[in-house]
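J.: For the working numbering, count along the sequence shown from 1 and bump the result up by 236. Dropping the structure in here first, questions after.
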Amino acid sequence: MNLRRPASAALLAALLACGPAILSAHAATIIAIVNDRPITEIDLKQRIALLEIMDDVPRGGMDDKKALRQLIDQTVKIQEAKRYNLLPSDTELNDRIKVLAKNMKLTADQLYAKLEEKGVSRMAFIEYVKAGMGFNRIMQGKYGQQVKASDAEVDAKMAELKNNISQETAKIMNDPRMKPVNVFTLMEIVLPVDGNDPMLMQSRAIEAAQVMQRLKSCDGLKAASEGVFDVKKGKTFEADAAKLPPPMKAALEKGGVGRAIGPMRGKDGIQLIALCGVRKITPPKPNFAVPTREQVERVVINEKYDKLEEQYLSTARDKVYVEYRDQSYAQ
């Protein structure tokens, strides 16, 4: 790959001819020059946003340096497809874009609008699709009949995938969050108190203790509070037993279902907490679907294509002129 070359007359002419558009790109900081085309920080952000929208982010994620590499490779792909006269026509491009949009449950116009919302220009998207179509035609023409997956390769890949699924399942099952959880159903019982009169508070606390002694079930609050003025059934809620204060948890467990603990001072008066029920929640075990043999065969073939594509691109990149304005991207 060519790394250094003085700015060409063609580039200077393009800068002058395009005026504000190029000047604004230049103001956005040029990262590299690829075949006389400036690649800016904006182009890198567009590529990352485009891949996210198209669900085409490569394994390992995406960053500015990888985005620049993709844009360089895009230039290579278009150049090679043009050399073999395999670039798609405008009609073929439009048809492909309609298919991509349909797969996303969108129309082509809706897809363009979605891209625009994320700052991705129509031209950036079209060039992305054009490069993919043209280069796929090259790869199919050169290797389409050669790339096959043997039974042994498929068997090995299936064993690898099954082992990965087993390891991932074991990892998830060992997560503390997958352990069974005891859930307490609790109910507040409130004896309202107006003001802060200590004598009144003490009197209501005695009444609350009477209610607590009589209470045998959460449905029996009315009977338990008979003869006691203004006893209110508060909200019922669920709580992870492990997250309750240890003394409170111990007292609830000691009292058992249907009994209450307290009395205690609450914001509205004297409060009791009743244990209405206990249940255990066990998170469901993950159920990873094992791929079919046909799916695994396609994975093997795709991996072979990926290797062949990278081999082809590594040679073809030498035909593209790249000048890095920011040398950190060249490393």
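Beta carbons: idealized from backbone N, C-alpha and C, even for Gly.
1. I'd like to know if the segment 411-429 and the segment 459-476 are in contact, where contact means that at least 3 CB-CB pairs between them fall below 8 angstroms.
2. Rounded to whole angstroms, what is the Cα-Cα separation between Q381 and A367?
3. Give, in chain order, every unbroken run of the beta strand (DSSP E) that is at least 3 residues long and sits entirely within the segment 306-363.
4. Work out the CA separation of A510 and A487 for me, nearest whole Å.
5. Determine contact between the segment 463-471 and the segment 513-524, defined as no fewer than three beta-carbon pairs at a distance below 8 angstroms.
6. For N546, which option in G297, R305, P274 and T276 has the closest C-alpha, if you only look at C-alpha atoms?
7. For T276, does the count of other Cβ atoms within 10 angstroms reach 16, so buried, or fall short, so exposed?
8. DSSP three-state label for Q507, please.
9. Can you give me the C-alpha to C-alpha distance between Y557 and D326, rounded to a whole angstrom?
10. Based on the DSSP secondary-structure assignment, which residues constitute the bridge partners of L451?
11. Tell me whether V526 is buried or exposed, calling it buried when 16 or more other Cβ atoms sit within 10 Å of its Cβ.
12. If you draw a straight line from the C-alpha of K302 to the C-alpha of M414, how long is it?
13. Does the Cβ-Cβ distance between G355 and K313 come in under 8 angstroms?
14. Helix, strand or coil: which one does DSSP assign to K469?
15. Residues in its own chain within less than 7 angstroms of N271 by CB, not counting five upstream and five downstream?
16. DSSP beta-bridge partners for A496?
17. Does A477 come out as helix, strand or coil in the three-state DSSP assignment?
T.: On the basis of the coordinates in this document:
1. yes
2. Each residue's Cα considered, the two are about 22 angstroms apart.
3. none
4. 11 angstroms
5. no
6. What sits at residue 546 in the sequence shown is Glu, not Asn. Per the Cα distances, R305.
7. Burial is judged here by how many other beta carbons sit within 10 angstroms of a residue's own beta carbon; T276 has at least 16 and is buried.
8. strand
9. 27 angstroms
10. Paired residues: none, contrary to the question.
11. Residue burial annotation: V526 is exposed, with fewer than 16 other C-beta atoms found within 10 angstroms of its C-beta.
12. Spanning the alpha carbons of K302 and M414 requires a straight line of approximately 37 angstroms.
13. no
14. strand
15. T311, V556 and Y557
16. A510
17. helix
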